[in-house]
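Heads up: the structure comes next, in C-alpha cells.
In this note's numbering, the protein residues as written are 39 to 137.
Written out as C-alpha cells, the structure reads:
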C-alpha cells in the first residue's frame, strides 16, 4: 500500500509532466504554422517587391516622358523669336517717341 505523501508527489509529477507536454505541443503547433506560412510570406514579399519595382519604373517613365515633353516647350519659351524681338523693339521705340 502506498503512503499518501508518495501518492501526492506522484500526482504533482504527473501534473508537471502533463503541463510540459502541453507546452511542447503548443510549441510544435506554432512551429508547424510558421513553417506553413513561410512560403506564403516569401511569395507575398516577392510579389510586393515586383509591384514596387513596376510602379517605380512606371513612375520614372512617366516623369521622363513629361520632362521630355516639357523641354521643347521650355526651350521655345526661353528663346525669343525674331517676331517677339521685333515687337519688343517697336514697343520700346513707341515708348521713346512719347517721351
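Even for Gly, the Cβ is constructed at its ideal location relative to N, Cα and C.
- Same chain, Cβ closer than 7 Å to residue 121, neighbours up to 5 away in sequence not counted: Once the five neighbours on either side are set aside, residue 121 has no close Cβ partner at all.
- Quick one: Cα of residue 134 to Cα of residue 128, how far? Their backbone Cα atoms lie some 10 Å apart in a straight line.
- residue 87 versus residue 102 - alpha carbon distance: If you draw a straight line from the Cα of residue 87 to the Cα of residue 102, it comes to about 22 Å.
- Message: What does the alpha-carbon distance come out to for the pair residue 131 and residue 123?
- Response: About 12 Å.
- Within the segment 53-102, ranges of the alpha helix (DSSP H) (whole runs, at least 4 residues): Complete alpha helix (DSSP H) runs here, min 4: none at all.
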